[in-house]
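When you line the sequence shown up against this note's numbering, it's residues 18 to 275, in that order.
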Amino acid sequence: MNVKLSNLHAPNPYFANLEAHSDHRFIETGKNRIIEALAQNNFELKIGSISDILALKKFINLNCRKLTAEQLTEAYLFSSIQYGELVLIYYNKVIVAFHLTCYHFVPHKISAVIYVAVNSMHRGYKLGVLSSYYSSLLAFEKGCEFKNTWIAPDNYPSLVNHINYEGFSGIDFKPSMFLPGQGRIVVSFKLTRLNLLYNRIDMGKLKEFIANPNIEGEFKIINPENENELLEFISSQQFKISACIPTETGNINFLLTK
Ligand SMILES: CC(C)(COP(=O)(O)OP(=O)(O)OC[C@H]1O[C@@H](n2cnc3c(N)ncnc32)[C@H](O)[C@@H]1OP(=O)(O)O)[C@@H](O)C(=O)NCCC(=O)NCCS
Numbered sequence: 018m019n020v021k022l023s024n025l026h027a028p029n030p031y032f033a034n035l036e037a038h039s040d041h042r043f044i045e046t047g048k049n050r051i052i053e054a055l056a057q058n059n060f061e062l063k064i065g066s067i068s069d070i071l072a073l074k075k076f077i078n079l080n081c082r083k084l085t086a087e088q089l090t091e092a093y094l095f096s097s098i099q100y101g102e103l104v105l106i107y108y109n110k111v112i113v114a115f116h117l118t119c120y121h122f123v124p125h126k127i128s129a130v131i132y133v134a135v136n137s138m139h140r141g142y143k144l145g146v147l148s149s150y151y152s153s154l155l156a157f158e159k160g161c162e163f164k165n166t167w168i169a170p171d172n173y174p175s176l177v178n179h180i181n182y183e184g185f186s187g188i189d190f191k192p193s194m195f196l197p198g199q200g201r202i203v204v205s206f207k208l209t210r211l212n213l214l215y216n217r218i219d220m221g222k223l224k225e226f227i228a229n230p231n232i233e234g235e236f237k238i239i240n241p242e243n244e245n246e247l248l249e250f251i252s253s254q255q256f257k258i259s260a261c262i263p264t265e266t267g268n269i270n271f272l273l274t275k
C-alpha cells in the first residue's frame, strides 16, 4: 500500500467526535477533556495572571537553564502575560509546568509561544503537550491564525512534542538567533479545526512511509544537528520539517517534505 506524504497524521484523542459541533462546543469540550485527563493524575490546570509572576519566576529559576532564566525576567513575563496567555499546571498546589504565549496581530494573528517547561520530576505525563493543546484552544478561540515558536535543534523532547504531537512544521532555520552557535528552528502551526483534530503524527504510518519504496512526492531524512543541511533545505523554504523520526540510538532524525 502506498502511504501518501499528506496522510501521516492521526486524530487527536482529546478532540475525538467533536467534528460536527460548533466551534464554541469544540473548544469548551476540548478544554474540559484536557482538565479531566490531568485531574486523573491529580494535576490541576489553571489560567495564570500577573499575580502569579513571582511563583512562576521561582519555578523558572529552579527548573530552566541559567540563560533562559536570565532572559525570562519579571518584566518580560509581565508583558507576555498581559498580552498573552499563561497556562499553569499544579501538583499539590505547587507549579509543576507552565506554557506561556503572547499574541501578535501583525502581519498575521499569531499566538507566539514564549516558553513551555515541565519540572524534571513530572516529565513523561505529557504535561508539556496537554498545556500546549489547551493554549492552542485559547488561541483558536481568540481568532489566531497561527501558533509559532522556535526550538534549539538539540532539544529533542521539545521538537518531538511540537512536531509529532502538536502538529507544528519546521519552516525555517536561523543559525544564530540569539548568540553565535545558538541556532533555532522556527516552527509554525496553522490553527484550524482540521489541523487541531488531526495534529498527531501516526507512528505506524510514519514507519510504513519510510519503509515504502513507492513513495509519492519528494522527501529527505536529515540529522537535526546538521546545520548545513538545515540551511540548505529549510532556510531556502524548499522543504519543511514534517515529522521527527526516533532512531535506534535514542535520538531523532527529521523527515523533510516539500
Ligand atoms: C520540553 C518539555 C516541556 C517536554 O516535557 P513533557 O511534556 O513531559 O514531555 P516528555 O518528557 O514526555 O518528552 C516528550 C517526547 O520527547 C521524547 N524524548 C525525550 N527525550 C528524547 C531524546 N533524547 N531523543 C528522542 N526523543 C526524546 C519522549 O520520548 C517523548 O515522546 P513519547 O511520548 O512519544 O515517548 C520538557 O522536556 C522541558 O521542560 N524541558 C526543558 C525546557 C524546554 O526545553 N522547553 C522547551 C523550549 S522550546
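All C-beta atoms, glycine included, are put in the ideal place defined by N, C-alpha and C. Quick caveat, the model's predicted, so the values are computed rather than measured.
Quick check: the Cα distance between residue i and residue j, rounded to an integer number of angstroms?
i, j, result
"N216", "C81", "27 Å"
"N172", "E45", "32 Å"
"L147", "I180", "14 Å"
"S152", "T166", "13 Å"
"E225", "G234", "15 Å"
"G198", "P192", "7 Å"
"L247", "L176", "14 Å"
"Y132", "H116", "6 Å"
"G200", "P170", "7 Å"
"S186", "D40", "24 Å"
"I188", "M138", "32 Å"
"K48", "E162", "19 Å"
"M194", "Q57", "40 Å"
"A92", "R50", "33 Å"
"V104", "I67", "12 Å"
"G141", "P174", "10 Å"
"M18", "A228", "Residue placement at M18 is flagged as unreliable, the pLDDT there being 47, under the threshold of 50; the coordinate-derived value follows with that caveat. When rounded, the distance between both Cα atoms is 11 Å."
"E249", "Q255", "9 Å"
"S253", "N245", "12 Å"
Quick check on this structure: which residue in the options has the alpha carbon closest to the alpha carbon of residue i?
i, options, result
"N109", "E61, L154, A129 and V203", "E61"
"G160", "T85, N240, F271 and H125", "H125"
"A129", "I106, S96 and L214", "S96"
"F122", "L154, K164, N78 and N29", "K164"
Quick one: residues in its chain with C-beta nearer than 7 Å to the C-beta of residue i, no 5 flanking neighbours on either side, listed in chain order?
i, result
"P263", "I269"
"A72", "I112"
"D219", "L25, H26 and A27"
"C261", "L176, V177, I180, N181, I269 and F271"
Assuming residue i contacts residue j under a Cβ cut-off of 8 Å, what Cβ separation, rounded to an integer in Å, is found between them?
i, j, result
"G101", "T118", "5 Å"
"F43", "L35", "5 Å"
"A114", "A134", "7 Å"
"E183", "F206", "6 Å"
"L94", "K75", "At roughly 12 Å, the Cβ-Cβ gap does not stay under 8 Å, so L94 and K75 are not in contact."
"L155", "F32", "14 Å between Cβ atoms; not a contact."
Apart from the five residues on each side of it in sequence, which residues of its chain come closer than 6 Å, Cβ to Cβ, to residue i?
i, result
"F271", "I239, P241 and I258"
"I52", "L62"
"G65", "L103 and L105"
"I202", "I168, P170, G187 and F190"
Go through its chain and collect everything with a Cβ distance to residue i's Cβ below 8 Å, but skip five positions before and after it.
i, result
"N212", "G184 and F206"
Fully enclosed by the segment 126-176, which beta strand (DSSP E) runs are 3 residues long or longer?
-> 127-135 and 163-168
For the segment 44-79, which segments carrying the beta strand (DSSP E) assignment without a break, of at least 3 residues, lie completely within its bounds, in sequence order?
-> 60-65
Considering only residues of the segment 201-250, which uninterrupted beta strand (DSSP E) runs meet the minimum length of 3 residues and lie entirely inside it, listed in chain order?
-> 201-207 and 236-239
Alpha helix (DSSP H) segments (min. 4 residues) lying fully within the segment 75-104 = 83-88 and 91-99
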